[in-house]
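In the order they appear, the protein sequences are chains A and B.
In terms of UniProt numbering, the first sequence opens at residue 1 and continues consecutively.
In terms of UniProt numbering, the second sequence opens at residue 1 and continues consecutively.
Virtual Cβ for every residue (Gly too), placed ideally from N, Cα, C.
Since we're looking at a predicted model, the values are computed, not measured.
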Amino acid sequence: MSSKMIVLMSSDGQSFEVEEAVAIQSQTIAHMVEDDCVADGIPLANVESKILVKVIEYCKKYHVDEANPISEEDLNKWDEKFMDLEQSTIFELILAANYLNIKSLFDLTCQTVADMIKGKTPEEIRSTFNIENDFTPEEEEAVRKENQWAFE
Amino acid sequence: MTASSKMTSSTTLLSLFMKEDEEGRNKKTTTSTTLESLLMKERRNWVDLPPELTTSILLRLSLTDILDNAQKVCKEWRRICKDPSMWRKINTRDCLMYNFDFVSMCRHIVDLSQGGLLEINVDEHFLSDSLLSYITDRSRNLRSLGLGMCFPRVTKLGVVNAIAKIPLLETLEVTHSCIKLDLKAIGHACPQLKTLKLNSLGRLWPASDKYDSNVLDDMGPLECDDDALAIAESMPKLHHLQLMANRLTNTGLNAILDGCPHLEHLDVRKCFRISLVGNLEKRCLEMIKELRRPGDSTADYPYNGV
């Protein structure tokens, strides 16, 4: 049985041939396929090749059928390895998963970042994500006052 | 090179170029612009993530992590944490810290929701008529309400008055109920109710005159179809009914099947006064897609009390 292929084009001009069944895990791509505007390939202006490669890898893994059965436990382990990435890549993956509307990938990437925040103090969070503390001392005091219900 | 030292060296580099600019009439040199943009590309700033995406991340944190930590990281995160879109669903059950004035915190986050609250679960230790009223007064769009009600500061009338303000309610879950609810009034106040879960397992308080002592005695012989009949009469749109350790009999169950024609999920575990055999069993199996019987295991019940 032949599988229909479509071409995805990254923002930096690279083309990737992918099975349609795999690609339509992206709701965005699925709609384009429905609207029948994929003949010349699908340009993805917001996704560069380095990230598109990862997205395709994810979608291929999650295209589960009888020929490719996989347990939830194995998928979870695979997710963990898949998400062992640099922060900048995770950042771009979140944007891509959102733009391409791939819910499970979006959930996975957001959850990964949330797990990196859990249990950390504000200072630790800033350090992890390289975020600048832009509160003035007055603003910081205001935050503390507002949270008076937290006994310190 | 650690993140912080990276920042220092790049800031130093940039400032070197900037100094030159100040001397040379505030115009950025081509070199400094290129360097600046190179450095920007190197480290993606998490603060630059579109706010709705940051919200998606922060929503996955516990209340404690949001209020104690995330909102203190920077101005943008604080702005996001105060936005009503963060406060559409509140689950206080994951808030296990005891150094909180829970009631004040609860009021605070209800205020932040600015009327947009859709779902809330409130733990029993802190619930009172006044807090319940505070929540429903300000959350007229509430679709789902979860209450743990073992503490005596909640009254039958308090619940009715509070729930009367949330007519769009679709899901009501009450665990460890020590008071006899006016289910008829609740049903009539909430015509959209599709899911009702009333679980009397694991109550922590001894029988007393203040409460309906019969509710506390699930092993005794006393049967009572009050709840079942009230449900049958006032909740016609019910899809999902969970009545654990309730004292209803076959009469009550039949009434429910009559009065709730859309019922698909029925959980009557530990309802030992039902005898699920014969015609009644047949009726259930025909009508109900997912049936949990009186003797079924409660191992997966999340709120097993002491």
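Residues in the same chain with beta-carbon distance under 8 Å from residue i, minus the five sequence neighbours each way, listed in chain order, please.
i	result
B:A299	none
A:E20	S3, K4, M5, I6 and V33
B:L131	V103, C106, R107 and V122
A:I94	F106, T109, C110 and V113
B:S275	N250
B:W77	V47, T54, L58, A70 and Q71
Could you check if residue i is buried or exposed, using at least 16 other CB atoms within 10 Å of its CB as the buried criterion?
i	result
A:A67	exposed
A:K145	exposed
A:E138	exposed
B:P50	exposed
B:A230	buried
B:D217	Because the pLDDT of B:D217 is 48, which lies under 50, any placement of that residue in the model is unreliable, and the question is left without a value.
A:T136	exposed
B:H176	buried
A:A45	exposed
A:A39	exposed
A:P122	buried
B:G278	exposed
B:P68	Rather than Pro, the amino acid found at residue 68 of chain B in this sequence is Asp. When all chains shown are included, B:D68 counts as buried.
residue 307 of chain B	The shown model of chain B, from 1 to 306, leaves out residue 307 of chain B, and the question about it has no answer.
B:C178	buried
B:R247	buried
B:L181	buried
A:V143	exposed
B:K270	buried
B:P302	exposed
Mind pulling the chain A residues with CB within less than 8 Å of residue i?
i	result
B:C74	R126, I131, E132, N133, D134 and F135
B:N279	In chain order: nothing, as chain A lies at least about 40 Å away.
Can you list, in chain order, the residues of its chain with a C-beta nearer than 7 Å to that of residue i? Leave out the 5 residues immediately preceding and following it.
i	result
A:T128	M116 and K120
A:E48	S10, S11 and D12
B:K210	Because the pLDDT of B:K210 is 45, which lies under 50, any placement of that residue in the model is unreliable, and the number read from its coordinates should be weighed accordingly. Cβ neighbours of B:K210 beyond the five flanking positions: P152.
B:Q114	P84
Output, in chain order, the set of chain B residues within a Cβ distance shorter than 9 Å of residue i.
i	result
A:N98	P50, E52, L53 and S56
A:I94	L49, L53, S56 and I57
residue 212 of chain A	As shown, chain A starts at 1 and ends at 152. That puts residue 212 of chain A outside it, with no answer to give.
Which residues in chain B have a C-beta closer than 7 Å to the C-beta of residue i? List them in chain order.
i	result
A:K50	Within 7 Å Cβ-Cβ: nothing; A:K50 doesn't reach chain B, min ~13 Å.
A:I117	L61, D65 and A70
A:K120	N69
A:A114	I57, R60 and L61
Can you list, in chain order, the residues of its chain whose CB lies under 6 Å from that of residue i, leaving out five sequence neighbours each side?
i	result
A:I125	I117
B:G116	P84 and R88
A:N147	none
B:I166	T136 and L142
B:S139	L117
A:Y58	L105
B:R93	N121 and D123
B:E173	G146 and K197
B:E119	K89 and S144
For residue i, which residues in chain A fall below 7 Å Cβ to Cβ?
i	result
residue 353 of chain B	In this structure chain B extends from 1 to 306, so residue 353 of chain B is not present and cannot be described.
B:V47	I131
Under 9 Å between beta-carbons, which chain A residues line up against residue i? List them in chain order, please.
i	result
B:L127	Ordered by position in chain A, no residue passes the 9 Å Cβ test against B:L127, which lies about 16 Å from the chain.
B:R78	F135, E139 and V143
Which whole-angstrom value describes the C-beta separation of residue i and residue j, a residue pair presumed to lie in contact below a C-beta threshold of 8 Å?
i	j	result
B:E223	B:R273	5 Å
A:I51	A:A96	5 Å
B:K82	B:L112	6 Å
B:D129	B:V110	No, B:D129 and B:V110 are not in contact; Cβ-Cβ is about 15 Å, not under 8 Å.
B:L280	B:N254	7 Å
Taking Cβ-Cβ distances shorter than 8 Å, what residues in chain B pair up with residue i?
i	result
A:F82	The contacting residues do not exist; A:F82 stays about 18 Å from chain B at best.
A:F91	R44, W46 and L49
message: For a minimum of 3 consecutive residues, which ranges assigned as the beta strand (DSSP E) are wholly contained in the segment 240–291 of chain B?
response: Counting only runs of 3 or more, we get 240–244 and 265–267.
- prompt: Can you list, in chain order, the stretches of the alpha helix (DSSP H) that have 4 or more residues and sit fully within the UniProt domain "F-box" (43–90) of chain B?
  reply: 51–58 and 75–81, all fully within the UniProt domain "F-box" (43–90) of chain B.
query: At what residue ranges does the segment 52–124 of chain A contain a whole run of the alpha helix (DSSP H), taking only runs of 4 or more?
result: 72–82, 87–100 and 103–117
- prompt: What are the uninterrupted segments assigned as alpha helix (DSSP H) that are 4 or more residues long and contained completely in the segment 138–170 of chain B, given in chain order?
  reply: 156–163
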